[in-house]
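Report on one structure; see the data block that follows.
Protein chains: 2
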Amino acid sequence: MTSVAEPERSLGRASGSEFDQATGVTSEGPHAYRAELPQKWRVGGGINGGLVLAVAARALGAELDGSPFAVTAHYLSASRAGVATVRTKALKRGRSLSTGTASLLQADKATGELRERVHLLGTYGDHSRLDGEVRTSAVPPDLPPLDECLPIDGASIVTHMDVMDRTEIRYDPSCLGWLKGKPSGRGVMQGWVRLADGRDPDPLSLLFVVDALAPVAVDFGLPGWCPTLELTAHVRADPAPGWLRVRHSTRNFAGGLLEEDAEVWDSAGRLVAQSRQLAKAPKP
Amino acid sequence: MTSVAEPERSLGRASGSEFDQATGVTSEGPHAYRAELPQKWRVGGGINGGLVLAVAARALGAELDGSPFAVTAHYLSASRAGVATVRTKALKRGRSLSTGTASLLQADKATGELRERVHLLGTYGDHSRLDGEVRTSAVPPDLPPLDECLPIDGASIVTHMDVMDRTEIRYDPSCLGWLKGKPSGRGVMQGWVRLADGRDPDPLSLLFVVDALAPVAVDFGLPGWCPTLELTAHVRADPAPGWLRVRHSTRNFAGGLLEEDAEVWDSAGRLVAQSRQLAKAPKP
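From first to last, the protein sequence lines stand for chains A and L.
Numbered according to numbering that gives the first Met the number 0, the first sequence spans residues 0 to 283.
Numbered according to numbering that gives the first Met the number 0, the second sequence spans residues 0 to 283.
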């Protein structure tokens, strides 16, 4: 399993995109894929959860021959840079939608035993076959123009946030009070987002984007670690090329947990993805 | 598997509650439970999805020795009244939270082959161990008092809606314009809810309650069948006894699909559950 010196990224696009390289998986026989989680998607001591989700979701897309419509991930242990195995299982193959599971595993450093990092349950299909009617009543986030929004310098906040260099994020300045000790207390985080490698968004990359902003807890003045227990994303359309507008918010911060809702709007003004996660709140 | 004449409802409470009877499961050895889906929870030709979810979730709670914190269900085929088997699997057993899957199966009438009805992925724990801090910024739905809200008569709308007699629902009259051909077009459905058997809510029954109201699509004048593809519920606290306030809404009705968000507030004014589902929209 570890003998492939230069694994063929058979299911990552040969686009030169670092996102596709990082999420590329190689078939290793029925229902098994090999991946390699790169160091440069690191966050703290582990690998960014959104990236790990996208890796497993790509393998599940190969198993089910489709794009993600609804994907749920439960995070079971922290992923590390290096080799990973994804095991997939189809539960139902339908005419328009198919459902299955994916389990991403890595060998434990000490014992060599395979440990599950993330477990996915997802339904996949073909977004191009959806009808074109859009009755969306939600409105896009009220964001200042791109050139009035600001990047944040990861290095000034925490160490080993390599993943921050994998995206370009321009935050709404009204969400950045926390950097100066003046969080807004609204529980909102929003901005413009694209992959740093210039790759345009697609249903797979949206699974990463829904969890790419700084956690909303910072807007309450709680800048600690917010581990995701569960994240569910609905990808509702193939996104148009270009910058995405992303809004995160929370309304139920209680009992040491918070939900975090994300909306992703594409450059054509379509609400292309919605997600909700349940995360542990940082200690006040 | 079918030889138990009067199955001991070992994991349904001996409370006389028809909800507990209907969701009761009997252990049949490691990781396997027997259930019986009663006809009186029927909706159209199948069994109500929320009830089926609660059955599988009860078995998963037995496997993981906890109450549901975050549960996702993907619906794979229509459940029928009669015997069902639930197979459970623990993915992780943690100190405070454990994660696992549950699969509810029934024998196909024609072939006898086991077919999966619903597949669950869930994280369970102990709500009484959560800290007591509540910073919830969401506000309860603005509902008229209970005695100004109205039941709807299922029999006048569709046949075989036995499940409607299993709950008492008092709808906000502003959401009932659709019954007179004047839907509000807001995509909102809200009201007061309790189980008809008088059983007080708990984390398990909230998994049923989050999908108990009429689908929000009726508020667009689309009263057809809205099959759920995926539903994720977060149960955030042990609910206080009494009536629940439930609000459903949708903001992204597009491409033949819609999300449906639900909030459940208990009698003490706590937001005890949130859910989101992805459903197929009825044909206009």
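Glycine is no exception: its CB is placed at the ideal position from the N, C-alpha and C atoms.
No experiment lies behind these values; they were computed from the predicted model shown.
Per-residue burial, residue i [other beta carbons within 10 Å of its own, 16 or more giving buried]
| i | result |
| --- | --- |
| threonine 110 of chain L | exposed |
| glutamine 38 of chain A | exposed |
| valine 162 of chain L | buried |
| glutamine 189 of chain A | buried |
| glutamine 276 of chain L | buried |
| leucine 145 of chain A | exposed |
| glutamate 229 of chain A | buried |
| tryptophan 264 of chain L | buried |
| tryptophan 224 of chain L | exposed |
| glycine 23 of chain L | buried |
| glutamate 338 of chain A | This structure does not reach residue 338 of chain A, given that chain A is present from 0 up to 283, and the question cannot be answered. |
| glycine 44 of chain L | exposed |
| arginine 128 of chain A | exposed |
| glutamate 132 of chain A | exposed |
| serine 16 of chain A | buried |
| arginine 86 of chain A | buried |
| valine 138 of chain A | exposed |
| proline 29 of chain A | exposed |
| arginine 269 of chain L | buried |
| proline 95 of chain A | As written in the sequence, residue 95 of chain A is serine, which differs from the proline given in the question. Exposed, by the Cβ-count rule. |
| proline 172 of chain L | exposed |
| aspartate 260 of chain L | buried |
| lysine 282 of chain A | exposed |
| glutamate 112 of chain A | exposed |
| glycine 186 of chain A | buried |
| glycine 241 of chain L | exposed |
| leucine 103 of chain A | buried |
| aspartate 107 of chain A | exposed |
| glutamate 262 of chain L | buried |
| glycine 99 of chain A | buried |
| aspartate 19 of chain A | buried |
Supposed contact pair residue j and residue i - C-beta distance, whole angstroms, cut 8 Å
| i | j | result |
| --- | --- | --- |
| alanine 280 of chain A | phenylalanine 252 of chain A | 6 Å |
| alanine 239 of chain L | serine 266 of chain L | 5 Å |
| leucine 120 of chain A | threonine 71 of chain L | 6 Å |
| alanine 272 of chain A | alanine 232 of chain A | 6 Å |
| leucine 178 of chain L | isoleucine 151 of chain L | 7 Å |
| serine 66 of chain L | glycine 124 of chain L | 7 Å |
| proline 140 of chain L | arginine 246 of chain L | 4 Å |
| leucine 36 of chain A | alanine 80 of chain A | 5 Å |
| alanine 55 of chain L | valine 117 of chain L | 6 Å |
| phenylalanine 207 of chain A | glycine 60 of chain A | Contact flag wrong, Cβ pair sits at about 14 Å. |
| glycine 255 of chain L | aspartate 130 of chain A | 5 Å |
| phenylalanine 68 of chain A | valine 234 of chain A | 6 Å |
| arginine 169 of chain A | tryptophan 191 of chain A | 4 Å |
For residue i, the residue or residues it bridges with in DSSP
| i | result |
| --- | --- |
| threonine 98 of chain A | A:Lys91 and A:Thr122 |
| threonine 22 of chain A | BP columns for threonine 22 of chain A are empty, so no partner. |
| lysine 279 of chain L | L:Leu256 |
| glutamine 273 of chain A | A:His233 and A:Glu262 |
| leucine 36 of chain L | L:Gly81 |
| glycine 45 of chain L | L:Val42 |
| leucine 104 of chain L | L:Thr84 and L:Glu115 |
| alanine 284 of chain A | As shown, chain A starts at 0 and ends at 283. That puts residue 284 of chain A outside it, with no answer to give. |
C-beta neighbour in chain C for residue i, strict 9 Å
| i | result |
| --- | --- |
| glycine 48 of chain A | Here chain C cannot be found, since the structure's protein chains are A and L. |
Within the segment 110–190 of chain A, ranges of the beta strand (DSSP E) (whole runs, at least 3 residues): 113–124 and 166–170
Ordered list of beta strand (DSSP E) runs contained in the segment 59–96 of chain A, each at least 3 residues: 66–74 and 81–92
Residues in the segment 102–116 of chain A having any Cβ partner in chain L nearer than 7 Å: Correct list: Glu115.
Any beta strand (DSSP E) of 3 or more consecutive residues that is wholly inside the segment 189–259 of chain A: Look at the segment 189–259 of chain A and you find these whole runs of beta strand (DSSP E), each 3 residues long or longer: 227–234 and 243–248.
Residues of the segment 255–272 of chain A with Cβ closer than 7 Å to any Cβ of chain L, in chain order: Gly255, Leu256, Glu258 and Leu270
Residues of the segment 174–192 of chain A with Cβ closer than 7 Å to any Cβ of chain L, in chain order: Gly186
Selection of the segment 123–137 of chain L by Cβ proximity to chain A, strictly under 9 Å: His126, Leu129, Asp130, Gly131, Glu132, Val133, Arg134, Thr135, Ser136 and Ala137
Interface positions of the segment 67–86 of chain L facing chain A (Cβ-Cβ less than 8 Å), listed along the chain: Phe68, Ala69, Thr71, His73, Leu75 and Ser76
Interface positions of the segment 222–254 of chain L facing chain A (Cβ-Cβ less than 7 Å), listed along the chain: For the segment 222–254 of chain L, the residues whose beta carbon sits under 7 Å from a beta carbon of chain A are, in order, Leu228, Glu229, Thr231, His233, Arg235, Ala236, Arg250, Asn251, Phe252, Ala253 and Gly254.
Contact list for the segment 40–66 of chain L against chain A, Cβ threshold 8 Å: none
Residues, ordered as in the chain, of the segment 87–100 of chain L that lie near chain A by beta-carbon distance below 8 Å: Leu90, Lys91, Leu96, Thr98 and Thr100
Interface positions of the segment 193–215 of chain L facing chain A (Cβ-Cβ less than 8 Å), listed along the chain: Listed by position along the chain: nothing, the set is empty.
Residues, ordered as in the chain, of the segment 23–41 of chain L that lie near chain A by beta-carbon distance below 9 Å: For the segment 23–41 of chain L, there are no residues whose beta carbon sits under 9 Å from a beta carbon of chain A.
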